[in-house]
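Encoded as structure tokens, the structure appears first; notes follow it.
Number of protein chains: 2
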Amino acid sequence: MATNAAVKAVLLLSGGMDSAITGAAARARGRRLVSLSLHYGQRHARELKAARWQARALGVERHIELKLPLGPIASGALVDGGAIRQSGVKAGKPATYVSFRNGVFLAAAASLAESVGAGEVWGGWCFTDQAGYPDCTPGFFRAFERAVRAGTWAGREGRAFKIVAPLGRLGKAASVRLGLRLGVDYRHTWTCYQPSSQGPCGRCDACRLRAQGFAEARLKDPLE
Amino acid sequence: MATNAAVKAVLLLSGGMDSAITGAAARARGRRLVSLSLHYGQRHARELKAARWQARALGVERHIELKLPLGPIASGALVDGGAIRQSGVKAGKPATYVSFRNGVFLAAAASLAESVGAGEVWGGWCFTDQAGYPDCTPGFFRAFERAVRAGTWAGREGRAFKIVAPLGRLGKAASVRLGLRLGVDYRHTWTCYQPSSQGPCGRCDACRLRAQGFAEARLKDPLE
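Residue numbers (our numbering), protein chains in the order written: chain A, 1223 to 1446; chain B, 1223 to 1446.
The structure is reproduced here in structure tokens:
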């Protein structure tokens, strides 16, 4: 059967725009998907709901939600209740950096990949937006791939393990346009770090980057 | 103050003998310790209780328990309820192998290490016992260290990250003797994968290795 020959991949699905676009890109490349959403003590669950919606839209084989409550071990505003920076996107260590969080997520994704026989993990990382996150960089991904190949039976048996970041160098506007072309429904994506009951705050780094993406793509955000 | 100059380290403390001996070895080398016990859907909590006891005995600065319920993503008998092998220790992929579990644990430990300013993670890995676990091998550890240095702010700022396995090549009997010399109280360690209400089963791989260690060291196990 053709579907059995297709490459199987784990998709890290956060509920945000970028991972939804990434999922659509993986489907367009014929990947059979198992999606994984991780809770890590976030402030709200709207993005998990959005992730579930996107998983259904993508027709994944399985959607898995996993609790990784990193609060007791990691520092950083997203889990410890500190202030979210609202002063615009700057260089340096962001207040939203959680120590090696993406490293923990990728380790969980690598575990799932080996369990289900997948040789790839896809995620919506943007290398320019995430310059302040060392665990979201190509250099880290290559080093982590080598570690996973050394540290799994799949690797020992010669099977591949790759981290795929189709949006890595694309820029926000091009990502938004790609998603539209691939049929992503942005109404069912969630971005904001600290929403009110009325919706996204419009001021946190995540909101600013989202707004910038739509503005540069000359499109209107359906959530606005 | 002398204690502030001491190297800070994260200790992975399972409640078993090996991590207790490892903690004692780290203390003997003057390390200031933060200990981390991970739940991953184990069948019983006795080892977590033993870990708490050992943390107190080691005088750690902080003892942290973290839930990493890998059941939904990982395969393997320890979390999925499958049969534990009782046919003796053999080569090949053990029934107790959980996909990249130690990789997930080390990622969590690396996150904690960066949070608390520790440059080392100590653990009770035995390379001979754990030949069937690719994520408990020196080759994996070296690759993972490189990944952590590439993927953290601590690494970006040039700080070291090392995984230390003092029992790695020591053998079970030598480990048991080392622990005795360092004052480890083996009554407060737990090993068995499937205990009954009367105590350890005496038949699982973990029990066999423990018994072999005491026998070769010509000592009596206080739990027997």
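Where a beta carbon is used, it is the ideal one built from N, C-alpha and C, also for glycine.
State the DSSP-derived secondary structure class of E1446/A, mapped to helix, strand or coil.
As a working mapping, residue 1446/A is identified with position 224 in the first sequence. Here E1446/A sits in coil by DSSP.
Return no unless some Cβ of chain B is closer than 8 Å to the Cβ of G1373/A.
The sequence position of residue 1373/A within the first sequence is 151, counting from 1. Interface residue, yes.
Please check if any C-beta of chain A sits within less than 8 Å of the C-beta of S1418/B.
Counted from its first residue, the second sequence places residue 1418/B at position 196. No, S1418/B does not count as interfacial toward chain A.
Going by DSSP, what residue range makes up the beta strand (DSSP E) through S1257/A?
Position 35 of the first sequence, counted from the start, is the residue given in the question as residue 1257/A. Looking at the DSSP string, the run of the beta strand (DSSP E) that includes S1257/A is R1254 to H1261.
Leaving out five residues before and five after E1474/A in sequence, what residues of the same chain have Cβ atoms less than 6 Å from its Cβ?
Any property of residue 1474/A remains undetermined from this structure, which presents chain A solely from 1223 to 1446.
Give the residues from the region 1323–1346 of chain A that approach chain B closer than 9 Å (Cβ to any Cβ), ordered along the chain.
Flagged, chain order: R1323, N1324, G1325, V1326, F1327, L1328, A1329, A1330, A1331, A1332, S1333, L1334, A1335, E1336, S1337 and V1338.
To be precise: take each residue of the region 1349–1366 of chain A, compare its Cβ to all Cβ atoms of chain B, and keep it if any distance is under 7 Å. Which residues remain?
Correct list: P1356, D1357, G1361, F1362, A1365 and F1366.
Taking V1320/B as the reference, which of S1333/A, N1324/A, V1326/A and A1317/A has the closest Cα?
Looking up residue 1320/B in the second sequence gives position 98. Checking every option, the nearest Cα to that of V1320/B belongs to S1333/A.
Mapping DSSP to helix, strand and coil, what is W1412/B?
Reading the second sequence from its first residue, position 190 is the one you call residue 1412/B. W1412/B falls in the coil class under three-state DSSP.
What's the C-alpha gap between I1286/B and L1292/A?
The residue you call residue 1286/B lines up with position 64 of the second sequence. The residue you call residue 1292/A lines up with position 70 of the first sequence. Taking the straight line from one Cα to the other gives about 11 Å.
Comparing alpha-carbon positions, which option in A1353/A, A1228/A, A1335/A and F1366/A lies nearest G1314/A?
For this step, residue 1314/A is matched to residue 92 along the first sequence. When only C-alpha atoms are compared, the closest one is A1353/A.
Quick one: does the C-beta of V1398/B sit closer than 7 Å to a heavy atom of the ligand HEM?
For the structure depicted, the ligand HEM is absent and the ligand set is empty, with no information on it obtainable.
Using a Cβ-Cβ cut-off of less than 7 Å, give me the residues of the region 1374–1385 of chain A that come near chain B, in sequence order.
From the region 1374–1385 of chain A, only T1374, W1375, G1377 and R1378 have a Cβ closer than 7 Å to chain B.
Just mark A1250/B as buried or exposed, buried being the case when its beta carbon has 16 or more other beta carbons within 10 Å.
Along the second sequence, one-based indexing puts residue 1250/B at 28. So A1250/B ends up on the exposed side.
DSSP three-state label for G1421/A, please.
As a first step, residue 1421/A is located in the first sequence; it is residue number 199 there, counting from the start. Three-state DSSP puts G1421/A in a strand.
List the residues of chain B that V1406/A touches, going by C-beta distances under 8 Å, in chain order.
In the first sequence, residue 1406/A corresponds to position 184, counting from 1. Chain B residues near V1406/A: none, gap ~25 Å exceeds 8 Å.
Round the Cβ separation of V1338/B and V1282/B to the nearest angstrom and send it over; I've been treating them as touching at under 8 Å.
Within the second sequence, the letter at position 116 stands for residue 1338/B. Within the second sequence, the letter at position 60 stands for residue 1282/B. Incorrect: roughly 11 Å between the Cβ atoms, too far for contact.
With distances taken Cα to Cα, identify the nearest neighbour of G1346/A among A1231/A, S1236/A and A1228/A.
As a first step, residue 1346/A is located in the first sequence; it is residue number 124 there, counting from the start. The shortest C-alpha separation from G1346/A is found at S1236/A.
Return yes when the Cβ of A1329/A is within less than 8 Å of the Cβ of V1326/B, no when it is not.
Residue 1326/B sits at position 104 when you count from the first residue of the second sequence. Residue 1329/A sits at position 107 when you count from the first residue of the first sequence. Yes, they are a contact pair.
What residue range is occupied by the uninterrupted alpha helix (DSSP H) comprising W1275/A?
Within the first sequence, the letter at position 53 stands for residue 1275/A. From DSSP, the alpha helix (DSSP H) with W1275/A extends over R1268 to L1280.
Taking Cβ positions, are A1231/B and W1344/B nearer each other than 8 Å?
Counting from one through the second sequence, the residue named residue 1231/B turns up at place 9. Counting from one through the second sequence, the residue named residue 1344/B turns up at place 122. Yes, Cβ-Cβ distance for A1231/B and W1344/B is below 8 Å.
Distance, Cα to Cα, G1361/A vs A1372/B?
Translated into positions along the first sequence, residue 1361/A becomes position 139. Translated into positions along the second sequence, residue 1372/B becomes position 150. If I take the Cα positions, the gap works out to 7 Å.
Are any of the Cβ atoms in chain B nearer than 8 Å to that of L1292/A?
Taking the first residue of the first sequence as 1, we reach residue 1292/A at position 70. With 8 Å as the cut-off, L1292/A counts as an interface residue toward chain B.
Can you list, in chain order, the residues of its chain whose CB lies under 7 Å from that of A1183/A, leaving out five sequence neighbours each side?
Because chain A here runs from 1223 to 1446, residue 1183/A falls outside it and cannot be looked at.
Taking only the alpha-carbon atoms, compute the straight-line gap between F1349/B and A1433/B and give it to the nearest angstrom.
Walking along the second sequence from the start, residue 1349/B turns up at place 127. Walking along the second sequence from the start, residue 1433/B turns up at place 211. Their Cα atoms are separated by approximately 18 Å.
Between S1397/A and chain B, is the shortest Cβ-Cβ distance under 8 Å, so that the two count as touching?
As a working mapping, residue 1397/A is identified with position 175 in the first sequence. Chain B, which has no Cβ nearer than 8 Å to the Cβ of S1397/A, makes this no.
Considering only the beta carbon of each residue, do I1243/A and L1445/A sit closer than 8 Å?
As a first step, residue 1243/A must be located in the first sequence, where it is residue number 21. As a first step, residue 1445/A must be located in the first sequence, where it is residue number 223. No, they are not a contact pair.
Less than 6 Å between C-beta atoms, sequence neighbours within five positions excluded: which residues of the same chain meet that for V1406/A?
Along the first sequence, read from residue 1 onward, the residue named residue 1406/A stands at position 184. Here the set comprises A1242, I1243 and A1246.
Thinking R1368/A and A1365/B are a contact (beta carbons under 8 Å), I'd like their distance in whole angstroms, please.
Counted from its first residue, the first sequence places residue 1368/A at position 146. Counted from its first residue, the second sequence places residue 1365/B at position 143. 5 Å between Cβ atoms; contact.
Give the list of continuous alpha helix (DSSP H) stretches no shorter than 4 residues that lie fully inside the region 1316–1386 of chain A.
Those alpha helix (DSSP H) runs which fall completely within the region 1316–1386 of chain A and span 4+ residues are 1323–1338, 1360–1373 and 1375–1378.
Please state if the CB of E1438/B and the CB of K1394/B are separated by a distance shorter than 8 Å.
For the purposes of this step, residue 1394/B is taken as the residue at position 172 of the second sequence. For the purposes of this step, residue 1438/B is taken as the residue at position 216 of the second sequence. Result yes, Cβ atoms of K1394/B and E1438/B sit closer than 8 Å.
Interface residues of chain A around R1249/B at Cβ under 9 Å?
Walking along the second sequence from the start, residue 1249/B turns up at place 27. By Cβ distance, chain A contributes nothing, its closest Cβ being about 21 Å from R1249/B, past 9 Å.
For a contact meaning CB atoms closer than 8 Å, what does R1368/A contact in chain B?
Taking the first sequence and counting its residues from 1, one reaches residue 1368/A at position 146. Chain B residues near R1368/A: A1365, R1368 and A1369.
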